[in-house]
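Under the working numbering, the letters of the sequence shown match residues 78 to 512, in that order. Glycine residues also receive a C-beta, built at the ideal position from the N, C-alpha and C atoms.
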Amino acid sequence: MKSPQPLDLFDLPDMLCFARMRLYITGRCGKNSIVSRPIRSCCDFLEKSFFMKNSRINRLGSLTFSRSHRVLVLLLLFASTAWAQTKTLGSAAVPTNSEQRTELGLQAARQNLLQLRHFLLGMPKGADLHNHLSGAVYAESWIRAAAEDRLCIDLAKLAFSKPQSSSDSGSDQPACGEGKVPAAEAHQDQHLFDALVDAFSMRGFVPSPGVSGHDHFFDTFAKFGGTDHGHLGEWIDEVATRAAAQNEQYLELMHTPDFSHTAAIAKEIRWRDDFSQLRDELLAHGLRDDVALAKTGLDQAEALRLKREHCGQPDAASACQVQVRYLCQVLRGFSKEQVFAQALLCFETVSADPRFVGINLVMPEDGYTAMSDYALHMRIVGFLHALYAKIHLSLHAGELAPGLVPYEGLCCHIRLAVEQAQAERIGHGVDIIYE
78 MKSPQPLDLF
88 DLPDMLCFAR
98 MRLYITGRCG
108 KNSIVSRPIR
118 SCCDFLEKSF
128 FMKNSRINRL
138 GSLTFSRSHR
148 VLVLLLLFAS
158 TAWAQTKTLG
168 SAAVPTNSEQ
178 RTELGLQAAR
188 QNLLQLRHFL
198 LGMPKGADLH
208 NHLSGAVYAE
218 SWIRAAAEDR
228 LCIDLAKLAF
238 SKPQSSSDSG
248 SDQPACGEGK
258 VPAAEAHQDQ
268 HLFDALVDAF
278 SMRGFVPSPG
288 VSGHDHFFDT
298 FAKFGGTDHG
308 HLGEWIDEVA
318 TRAAAQNEQY
328 LELMHTPDFS
338 HTAAIAKEIR
348 WRDDFSQLRD
358 ELLAHGLRDD
368 VALAKTGLDQ
378 AEALRLKREH
388 CGQPDAASAC
398 QVQVRYLCQV
408 LRGFSKEQVF
418 AQALLCFETV
428 SADPRFVGIN
438 LVMPEDGYTA
448 MSDYALHMRI
458 VGFLHALYAK
468 IHLSLHAGEL
478 APGLVPYEGL
488 CCHIRLAVEQ
498 AQAERIGHGV
508 DIIYE
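Structural data, given as structure tokens:
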């Protein structure tokens, strides 16, 4: 008898998701599933938004729950599946004709993956509230952008890199150096192109000793970096177009504004334990200048999106109907002064631009800095939230499993996010059983 396989971190949410939706499909997002390319969870559509403005979708935030209770409701939503299965037929509601037709359609579609995909595409999805913009853009788009930006490809790392110089004399291609080639060559070399797509996504990934799905997933983000911010409008259009095709109505995209100037200020000032003094010095050194840059960059990106989708014209694309808002994301894997500066920039940006509806923290939660500074990060967010009380918080917390960190590390991330940082929404939360 074969021994049971260890549970992968990414299996659990998707298994619960499919159980909750009563769609008993073998497999998971990222591998052995209908769609293997997007780097997002199948459960994204099950989260409820506290942040949607002017939306036809009801918000759980309107209920008179405490913040702790609201988050607990989200985390325990899946538990109702087992209870629901024990209900007797006599207590079940009588299905309507439309429900019966839908059930019959689902039963028929289950017999064929293509039919099932078509059936699911047409289902109304409502809101996609946990969407990493850079992870939702397909690998092919990153490769095209890198070629347009005249970047290079490190053949050993299968990652983009900056050229040594803009170009050799009389050449249209960048000077890349030993072991590197211009990104445009990927469009002439199918093997290189395929290798990049595999490196940038979960396509065809098979775990091997020392390389788990978790490792490969998080490593992708560093590989396709370095492209020009001018592509942002293309990315938003791509994701919105795909959302429209999937019958989604609302997108919250996690996005990091350019914080290079803010990072330079933080490096100059350095860390101090007095949060108030640290904030005052960052603002005095011009951090708010980056808020204006973030707004201008988003203005340009959204204008490009509307142009590509022909919004407001007779031939407007269906993507124009998808409402897009943004979560300003903070990179938790950096030094504490950088995290504080980024968090302050995000609070200032969300305060100044209504298109940003909240804040999140990203990067692997099991990383060394994220783990060792987690409590500090929650205090930073809690301190800033007290000053910017109207800002909404959706935090990655509890994205941990046994084997990633010591068992002691599985405790309290969700609690700290809710009680100390004042988070209204939790992303993942799969380690709640250890809290």
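Practice task
Counting only the same chain and skipping the five closest in sequence on each side, list residues whose C-beta sits under 6 angstroms from that of F282.
Solution key: Within the same chain, F282 has close Cβ partners H293.
Practice task
Check Q177 in the structure and name its three-state DSSP category.
Solution key: Under the three-state reduction of DSSP, Q177 is assigned to helix.
Handout entry: A252 versus H332: straight-line alpha-carbon distance, rounded
Key = Distance between A252 and H332, taken at the CA atoms: about 31 angstroms.
Handout entry: Cα-Cα separation, A317 to L408
Key = So the two alpha carbons sit approximately 24 angstroms from each other.
Practice task
Pull up the distance between the alpha-carbon of R227 and that of E262, whole angstroms please.
Solution key: Cα-Cα distance, rounded: 11 angstroms.
Exercise for the section: Report the rounded CA-to-CA distance for Q497 versus D508, giving the unit in angstroms. Expected result: Straight across, the Cα-Cα distance linking Q497 with D508 is about 18 angstroms.
Handout entry: Q400, buried or exposed, once every other Cβ within 10 Å from all chains shown has been counted against 16
Key = Classification for Q400: buried.
Exercise for the section: Determine the direct distance from the alpha carbon of H308 to that of F270, and round the result to whole angstroms. Expected result: Answer to the nearest angstrom: the Cα atoms are 20 angstroms apart.
Handout entry: Which of helix, strand or coil DSSP assigns to M448
Key = In the structure shown, M448 adopts helical secondary structure according to DSSP, grouped into three states.
Handout entry: Alpha carbon of A371 to alpha carbon of L487, nearest angstrom
Key = For A371 and L487, the distance between alpha carbons rounds to 35 angstroms.
Practice task
Determine contact between the region 461-476 and the region 414-431, defined as no fewer than three beta-carbon pairs at a distance below 8 angstroms.
Solution key: Taking one beta carbon from each stretch, the region 461-476 and the region 414-431 have 3 or more pairs nearer than 8 angstroms; the two touch.
Exercise for the section: Quickly, what does DSSP pair I436 with across the bridge? List them, please. Expected result: When DSSP reads this structure, I436 sits in a beta bridge with C405 and L470.
Problem - F128 - DSSP class collapsed to helix/strand/coil - result: The predicted model places F128 with a pLDDT of 41, which falls under 50 and marks its position as unreliable, so this point remains unresolved.
Exercise for the section: Give me the Cβ distance between A343 and L359, rounded to the nearest whole Å; I'm assuming they're in contact under 8 angstroms. Expected result: Your pair A343 and L359 checks out as a contact, with CB atoms roughly 7 angstroms apart and the cut at 8 angstroms.
Problem - Sequence-distant residues of its chain with Cβ nearer than 6 angstroms to D275 (five each side left out) - result: Only G281 meet the Cβ criterion.
Practice task
For R356, decide whether its Cβ has a neighbour in chain C, counting only Cβ atoms nearer than 8 angstroms.
Solution key: Although the question refers to chain C, the structure presented lacks it and comprises just one protein chain.
Exercise for the section: Look at the alpha carbon of R349 and the alpha carbon of K413, and state the distance between them as a whole number of angstroms. Expected result: Going by the C-alpha atoms only, they are around 10 angstroms apart.
Handout entry: Of the residues E476, L273 and G254, the one placed nearest A236, counting alpha carbons only
Key = The residue with the shortest Cα to Cα distance from A236 is L273.
Exercise for the section: Over the uninterrupted alpha helix (DSSP H) stretch that includes L383, give me the two end residues. Expected result: For L383, the uninterrupted alpha helix (DSSP H) segment begins and ends at R365 to E386.
Handout entry: Cut-off 8 angstroms between Cβ atoms - residues of its own chain near R347, not counting five sequence neighbours on either side
Key = Excluding positions up to five away in sequence, the list reads E414.
Exercise for the section: Decide if G203 is buried, meaning its Cβ has at least 16 other Cβ atoms within 10 Å, or exposed. Expected result: Buried, because 16 or more other Cβ atoms sit within 10 Å of the Cβ of G203.
Exercise for the section: May I have the straight-line CA-CA distance separating L153 from M279, to the nearest angstrom? Expected result: In this prediction, L153 scores a pLDDT of 49, lower than 50, which makes its location untrustworthy; no coordinate-derived value is stated.
Problem - Where M331 sits in the DSSP three-state scheme - result: Three-state result, M331: strand.
Exercise for the section: Could you tell me whether the Cβ atoms of Y465 and F424 are closer together than 8 angstroms? Expected result: For the pair Y465 and F424, the CB atoms are nearer than the 8 angstroms cut-off.
Exercise for the section: Helix, strand or coil for E501, going by three-state DSSP, please let me know. Expected result: Coil at E501, not helix or strand.
Problem - Span of the alpha helix (DSSP H) around C423 - result: Here the alpha helix (DSSP H) through C423 covers K413 to A429.
Exercise for the section: Could you work out which residue in H291, E217 and L453 is closest to G480 when comparing CA atoms only? Expected result: Residue H291 is the option with its Cα nearest to G480.
Handout entry: Enclosing alpha helix (DSSP H) for G212 [first to last residue]
Key = Element bounds for G212: L210 to A213.
Problem - Close beta carbons around R492, own chain, < 8 angstroms, minus the five adjacent residues each side - result: Excluding residues within five positions, the ones whose Cβ falls inside 8 angstroms are E512.
Practice task
Could you give the DSSP three-state label for V495: helix, strand or coil?
Solution key: V495 falls in the helix class under three-state DSSP.
Handout entry: Spatial neighbours of T446 in its chain, beta-carbon cut-off 6 angstroms, leaving aside the 5 residues before and after
Key = Setting aside the 5 residues that flank it on each side, T446 is surrounded in the same chain by G410, each with a C-beta closer than 6 angstroms to its C-beta; the list follows chain order.
Exercise for the section: Check the C-beta distance from S449 over to L404 and give it rounded, since I have them as a contact under 8 angstroms. Expected result: With a Cβ gap of about 25 angstroms, S449 and L404 do not count as contacting.
Practice task
Say yes only if the C-beta of A393 is nearer than 7 angstroms to one or more non-hydrogen atoms of the ligand GTP, and no if none qualify.
Solution key: Questions concerning the ligand GTP fall outside what the structure shown contains, since it holds no ligand whatsoever.
Problem - For D292, the first and last residue of its enclosing alpha helix (DSSP H) - result: Bounds of the alpha helix (DSSP H) holding D292 are G290 to K300.
Problem - Classification of P391 by the beta-carbon crowding that lies within 10 angstroms, buried from 16 upward - result: With fewer than 16 Cβ atoms within 10 Å of its Cβ, P391 is classed as exposed.
Practice task
Report yes if the C-beta distance between G254 and A233 is below 8 angstroms; otherwise report no.
Solution key: In this structure, G254 lies away from A233, with their beta-carbon atoms at least 8 angstroms apart.
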